[in-house]
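Below you'll find the structure, written out as structure tokens, and then a few comments.
Protein chains: 2
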Amino acid sequence: METTELKIIEAAKKVFVRKGKDGTRMQEIADEAGINKSLLHYYYRTKEKLFGAVFKFAFSKFAPELVNSFNSDVDIFTKIENFINNYIDLINKNPFIPLFILNEINKKDASFVTNFIKSSGINVNQFRNQINLEIEKGTIKKIDPNNLIVNIIGLCVFPFIGKPLIQVILFDDNENEYDNFLLNRKKEVAEFIINSIKK
Amino acid sequence: METTELKIIEAAKKVFVRKGKDGTRMQEIADEAGINKSLLHYYYRTKEKLFGAVFKFAFSKFAPELVNSFNSDVDIFTKIENFINNYIDLINKNPFIPLFILNEINKKDASFVTNFIKSSGINVNQFRNQINLEIEKGTIKKIDPNNLIVNIIGLCVFPFIGKPLIQVILFDDNENEYDNFLLNRKKEVAEFIINSIKK
DNA sequence: AATACTTTTGACCAACTGGTTAAACTAATT
DNA sequence: AATTAGTTTAACCAGTTGGTCAAAAGTATT
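Same order as they appear, the protein sequences are chains X and R.
Heads up: the first sequence begins at 1 in this note's numbering, then just goes up one per residue.
Heads up: the second sequence begins at 1 in this note's numbering, then just goes up one per residue.
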């Protein structure tokens, strides 16, 4: 059953993610949901509240993957490979969400971001410990765990948020070639990282 | 001498980059420039034209570095190190511009982006050839040049556009620690990449 | 079928937004 | 000092925007 509230959220996601908070018009969300603008305000009293709901949803889609992958109980190389595979797949299915999140989170004030993330359950300590342990064991080269984590995530995310630029600069604006590039990247990124840290 | 036109451009840069195109009000630019709103329209007839000028400026700040570094005539390891040093320095001086560019370029239609970049003179062929040559020579491991280029740029850019997130997740919201992290990163990123490709 | 509650609608509004215009001011030229 | 051209301002405007409200339509309960 497709309730009105669900139709609204789906429509709001589409429009907010595509156009950003400031670029979005309540009327456009109403149109996308096939309803009246008043009804929108009936369910979500203000634009701010509706945006909050969408942002929360978007973020909560990407947080669990981070938590689960980083805290799973497998060896470090498998963990990195798994994370990259799952994360790139996830972004592929929701290619505009990362930029949406980054963009809006850069506009919010710091306390909002802090509270929001703390409630998301993201915790990298287990993974950090694992990295340090592998360095001690001599399985991987000495590397700062924070830098490694940023590298892994950045290498997954950047090709998507930079797509319009990269596609033109590197692929002569050929979209098929770029999509193909993104598919191969799962393998390439994993290889790139493991090559860098493996002893 | 500080002409009105210059004051406007400086003010417009600040506001547009901070709030995005849709989030920017002409009145706010006028206030920031210490002038009347009518005077704004006297120099730049429309918001669109003023935004265009600012966007062009922002982009042209980051394009030359790409061109010069990639086409310089030094060995591949030095080139990578130089690029990372210069690019991270450049972003550090203008930390909000990359997200601004990525964000707006994802909203524009493809033809605009294509034309814009083509006129910017960015060309990676020389660097691509150099990578392939070093692979043949056996200096570096086999790697797809496009993937390597995306990796280099992504590793430089991502920590800045993800700052509010990363700072909370990895550094318990301690800004000093994060700034320190960014400083060290020049060395870390270069090391990370070279470790990955060096034979 | 009358009551009461929720959902949906259209008409409406105050505040805001990008943009215009005519007049006032300034400084160089005659 | 009068003319001219460029610069700056205040007042104004039409269209848009988020949001309200009372009434209508629908649904469940008695």
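Even for Gly, the Cβ is constructed at its ideal location relative to N, Cα and C.
Keep in mind the model is a prediction, meaning the values are calculated, not measured.
Worksheet item: Residues in the region 181-192 of chain R with C-beta within 7 Å of chain X's C-beta atoms, listed in sequence order?
Response: 181, 185, 188 and 192
Worksheet entry | Every unbroken alpha helix (DSSP H) within the region 44-103 of chain R, with a cutoff of 4 residues, ordered by chain | 47-71 and 76-93
Fill in: Residues that DSSP places opposite residue 140 of chain X in a beta bridge
Here residue 140 of chain X is taken as the residue at index 140 of the first sequence, counted from 1. X:198.
Worksheet entry | Contact with chain R by residue 98 of chain X, beta-carbon distance below 7 Å | Numbered from 1 along the first sequence, position 98 holds the residue referred to as residue 98 of chain X. No, because no Cβ of chain R sits closer than 7 Å to the Cβ of residue 98 of chain X.
Worksheet item: Is any beta-carbon of chain X found at less than 7 Å from that of residue 169 of chain R?
Response: By 1-based counting over the second sequence, the position of residue 169 of chain R is 169. Taking Cβ atoms only, chain X reaches closer than 7 Å to residue 169 of chain R, which makes this a yes.
Fill in: Residue from X:35, X:83, X:37 and X:67 with nearest C-alpha to residue 169 of chain R
For the purposes of this step, residue 169 of chain R is identified with residue 169 of the second sequence, where counting begins at 1. Checked all of X:35, X:83, X:37 and X:67; the closest Cα to residue 169 of chain R is X:67.
Worksheet item: Is residue 161 of chain R helix, strand or coil by DSSP?
Response: Here the question's residue 161 of chain R lines up with position 161 in the second sequence. Correct three-state label for residue 161 of chain R: helix.
Worksheet entry | Inter-residue spacing [alpha-carbon to alpha-carbon] between residue 132 of chain X and residue 124 of chain X | The residue given as residue 132 of chain X occupies position 132 in the first sequence. The residue given as residue 124 of chain X occupies position 124 in the first sequence. Cα-Cα distance, rounded: 12 Å.
Practice prompt. Give the range of the alpha helix (DSSP H) segment to which residue 7 of chain X is assigned.
Written response: For the purposes of this step, residue 7 of chain X is identified with residue 7 of the first sequence, where counting begins at 1. Segment 4-23, the alpha helix (DSSP H) holding residue 7 of chain X.
Fill in: Interfacial residues, the region 134-147 of chain R to chain X, with Cβ spacing under 7 Å
141, 144, 146 and 147
Worksheet item: With a CB to CB cut of under 6 Å and the five nearest residues on each side skipped, what residues in its chain are close to residue 141 of chain X?
Response: The residue given as residue 141 of chain X occupies position 141 in the first sequence. So the list reads 197 and 199, once near-sequence residues are dropped.
Fill in: Limits of the alpha helix (DSSP H) - the one that residue 31 of chain X falls within
Along the first sequence, one-based indexing puts residue 31 of chain X at 31. First-last of the alpha helix (DSSP H) with residue 31 of chain X: 26-33.
Practice prompt. List the residues of chain R whose Cβ lies closer than 9 Å to the Cβ of residue 129 of chain X, in chain order.
Written response: Start at 1 with the first residue of the first sequence, and residue 129 of chain X comes out as number 129. Within chain R, no residue comes near residue 129 of chain X; the closest Cβ sits about 14 Å away, beyond 9 Å.
Item to complete: Determine the direct distance from the alpha carbon of residue 85 of chain X to that of residue 158 of chain X, and round the result to whole angstroms.
Response: Here residue 158 of chain X is taken as the residue at index 158 of the first sequence, counted from 1. Here residue 85 of chain X is taken as the residue at index 85 of the first sequence, counted from 1. Computed Cα separation, rounded: 15 Å.
Worksheet item: Nearest chain R C-beta to residue 22 of chain X closer than 7 Å, yes or no?
Response: Stepping through the first sequence from its first residue, residue 22 of chain X is reached at position 22. So, interface residue.
Discussion item. Contact between the region 56-66 of chain X and the region 92-100 of chain X is defined here as three or more beta-carbon pairs at a separation below 8 Å; is this criterion met?
Written reply: yes
Worksheet item: Between the beta-carbon of residue 32 of chain X and the beta-carbon of residue 58 of chain X, is there less than 7 Å?
Response: Residue numbering aside, residue 32 of chain X sits at position 32 when the first sequence is read from its first letter. Residue numbering aside, residue 58 of chain X sits at position 58 when the first sequence is read from its first letter. No; because the gap between Cβ atoms is not below 7 Å, this pair is not in contact.
Practice prompt. Would you tell me roughly how many angstroms separate the C-alpha atoms of residue 23 of chain R and residue 137 of chain X, rounded to the nearest one?
Written response: Within the second sequence, numbered from 1, the residue matching residue 23 of chain R stands at position 23. Within the first sequence, numbered from 1, the residue matching residue 137 of chain X stands at position 137. Taking the straight line joining both Cα atoms gives about 51 Å.
Worksheet entry | Contacting residues, own chain, Cβ-Cβ under 6 Å from residue 177 of chain R (five flanking each side not counted) | The residue given as residue 177 of chain R occupies position 177 in the second sequence. So the list reads 171, once near-sequence residues are dropped.
Practice prompt. Give a yes or no on whether the minimum CB-CB distance between residue 64 of chain R and chain X is below 7 Å.
Written response: Stepping through the second sequence from its first residue, residue 64 of chain R is reached at position 64. By this cut-off, residue 64 of chain R is not an interface position.
Fill in: First through last residue of the alpha helix (DSSP H) which encompasses residue 118 of chain R
In the second sequence, the residue the question calls residue 118 of chain R occupies position 118. Run containing residue 118 of chain R: 110-118, per the alpha helix (DSSP H) assignment.
Worksheet item: Is the Cβ of residue 55 of chain X closer than 7 Å to any Cβ of chain R?
Response: Position 55 of the first sequence, counted from the start, is the residue given in the question as residue 55 of chain X. With 7 Å as the cut-off, residue 55 of chain X does not count as an interface residue toward chain R.
Worksheet item: Quick one: Cα of residue 147 of chain X to Cα of residue 192 of chain X, how far?
Response: Working through the first sequence from its first residue, we reach residue 147 of chain X at position 147. Working through the first sequence from its first residue, we reach residue 192 of chain X at position 192. For residue 147 of chain X and residue 192 of chain X, the distance between alpha carbons rounds to 15 Å.
Practice prompt. Check the Cβ of residue 196 of chain X against every Cβ in chain R and list those closer than 9 Å, keeping chain order.
Written response: Translated into the one-based positions of the first sequence, residue 196 of chain X becomes position 196. The contacting residues are 191, 192, 193, 194, 195, 196 and 197.
Discussion item. Beta-carbon within less than 8 Å of residue 103 of chain X's beta-carbon, same chain only, minus the 5 sequence neighbours each way: which residues are those?
Written reply: In the first sequence, counting from the first residue as 1, residue 103 of chain X sits at position 103. 20.
Worksheet item: DSSP three-state call for residue 124 of chain R: helix, strand or coil?
Response: As a first step, residue 124 of chain R must be located in the second sequence, where it is residue number 124. Looking at residue 124 of chain R - three-state DSSP - the assignment turns out to be coil, as it is neither helix nor strand.
Worksheet item: Out of curiosity, what's the CA-to-CA distance linking residue 77 of chain R and residue 194 of chain R?
Response: In the second sequence, residue 77 of chain R corresponds to position 77, counting from 1. In the second sequence, residue 194 of chain R corresponds to position 194, counting from 1. Distance between the alpha carbons of residue 77 of chain R and residue 194 of chain R is about 7 Å.
Worksheet item: Which bits of chain X does residue 114 of chain R rub up against, with CB to CB less than 7 Å?
Response: For this step, residue 114 of chain R is matched to residue 114 along the second sequence. Within chain X, the residues near residue 114 of chain R are 168 and 173.
Practice prompt. Measure the alpha-carbon distance for residue 149 of chain X versus residue 118 of chain R and round it to whole angstroms.
Written response: What you label residue 149 of chain X is simply residue 149 of the first sequence in a count that begins at 1. What you label residue 118 of chain R is simply residue 118 of the second sequence in a count that begins at 1. Computed Cα separation, rounded: 34 Å.
Worksheet entry | For residue 36 of chain X, three-class secondary structure by DSSP | Walking along the first sequence from the start, residue 36 of chain X turns up at place 36. Residue 36 of chain X falls in the coil class under three-state DSSP.
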